[in-house]
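Asker:
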Amino acid sequence: MTQIKLFCPATIANLSCGFDVLGLCLDNAGDEMIVRKVNEKGIRITKITGADLPLETEKNVSGVSAVAMLEAYERDFEPITVGFEIEIYKHIKAGSGIGSSAASSAGAVFGINELLGKPYSRKDLVQFAMQGEKLASGNAHADNVAPALLGGFTLVRSYSPLDIILIDSPEELFATVVHPQIELKTSDARSVLKQTVSLKSAIMQWGNVGGLIAGLYTKDYDLIGRSLHDEIVEPLRSVLIPGFDLIKQTALENGALGSGISGSGPSIFALSRGKETADKIAKAMSEVYEKMNLPYEIHVSKINPDGVRIL
Ligand code: HSE
């Protein structure tokens, strides 16, 4: 095999209470990539459609992730005698809050790993894809790249050492994600955050993280809903998102278990039980942005159990 075509899924990070640690993989929103093994050594991005992104390897998230992986491969295994070309067909908009950079980083390392004969597990690949996040936002968070690579619902239990846990989630769980068509850079959305939290807020937040995980495992939808609360980040970031309070309130009134900022925004997500409710929420959210005359994109998706996949 010398060439591989991939679906690289969008993801929702944070999930209200789990800033930088929780994420889930979406099913029907994502990019496509082609990764090709070539004789000339090195990593080259040969084509990008759908977005104005740099082709230079060291400026592109998929390029830096791929380089990080090849450097590790040479340390862990043997010198590399081949190179790789990457084509990226973007559908996820940059700065949308549904893991655009993570999809590209995850796709690059997954594709190269396949073409090298799978020396690394999907979990191993997370550390390389995180380098793309570092380039994109200044911070090597794993809460988008982990679900993009592993699928499902993921928890970053620890960053040092890196410890990624796959969390069971009920099959009937659906996500609705609306993206008001403005770009919000993750680095900007991180710059509004405080570096310390009060003990009172921390107690609420870790109670909710535990509650959310317990609710997912026991299929207790009420508990999932009660736990989708963000005491720390949402109050600071929501002011950056047009119509946030109204969209969230509308989602809850239409049956959402909970709703919050998707990743660093501006996308807003809602989780619900069953597709019918998720569709109803999508319709109601759309009406809010239509009344505000704000262009938007909307996705209804079940949780994608697979992550990046070969097409
Ligand atoms: N956890 C990251 C943040 C996700 O909220 O900044 C970025 O998509």
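Numbering (the UniProt record's numbering), first residue to last: 1 to 311.
Glycine included, each C-beta is placed from N, C-alpha and C at the ideal position.
Below 6 Å CB to CB, which residues in the same chain sit around Tyr221 once its five sequence neighbours on both sides are set aside?
Answerer: Cβ within range, chain order: Leu257 and Arg273.
Asker: By Cβ distance below 7 Å, which residues in the same chain neighbour Leu55 in space, the five residues on each side in sequence not counted?
Answerer: Closer than 7 Å at Cβ, skipping near neighbours: Ile45 and Ile48.
Asker: Val300 and Thr250 look like a contact to me (Cβ under 8 Å); what is the Cβ gap, rounded to whole Å?
Answerer: So it is not a contact: roughly 15 Å between Cβ atoms.
Asker: Return yes when at least one heavy atom of the ligand HSE lies under 7 Å from the C-beta of Ser198, else no.
Answerer: Checking every heavy atom of the ligand HSE against the Cβ of Ser198, none is found closer than 7 Å.
Asker: Please return the same chain residues whose Cβ sits closer than 8 Å to the Cβ of Ser137, not counting the five positions on each side in sequence.
Answerer: Answer for Ser137: Ser101, Lys185, Thr186, Ser187, Arg190 and Ser264, listed in chain order.
Asker: Compute the beta-carbon to beta-carbon distance between Asp151 and Ser62, rounded to the nearest angstrom, for a pair I have assumed lies under 8 Å.
Answerer: First, the amino acid is wrong: residue 151 is Gly here, not Asp. The pair is not a contact, with the Cβ atoms about 19 Å apart (cut-off 8 Å).
Asker: Excluding sequence positions up to five away, which residues of its chain have a Cβ less than 8 Å from the Cβ of Glu74?
Answerer: Hits under 8 Å: Ile80.
Asker: Check whether the Cβ atoms of Val177 and Ser262 lie closer than 8 Å to each other.
Answerer: Cβ distance < 8 Å, so Val177 and Ser262 count as in contact.
Asker: Evaluate contact between the region 192-199 and the region 6-13, counting only Cβ atoms and requiring at least three cross-stretch pairs below 8 Å.
Answerer: Contact between the region 192-199 and the region 6-13 is absent, because fewer than three Cβ pairs lie under 8 Å.
Asker: Helix, strand or coil, according to DSSP, for Lys275 in the structure here?
Answerer: Helix, per DSSP.
Asker: Going by C-alpha distance, which of Met1, Gly18, Asp76 and Leu252 is nearest Glu231?
Answerer: Minimum Cα distance to Glu231 is reached at Gly18.
Asker: Mind checking Gln127: buried by the 16 CB within 10 Å criterion, or exposed?
Answerer: Buried: at least 16 other Cβ atoms inside 10 Å.
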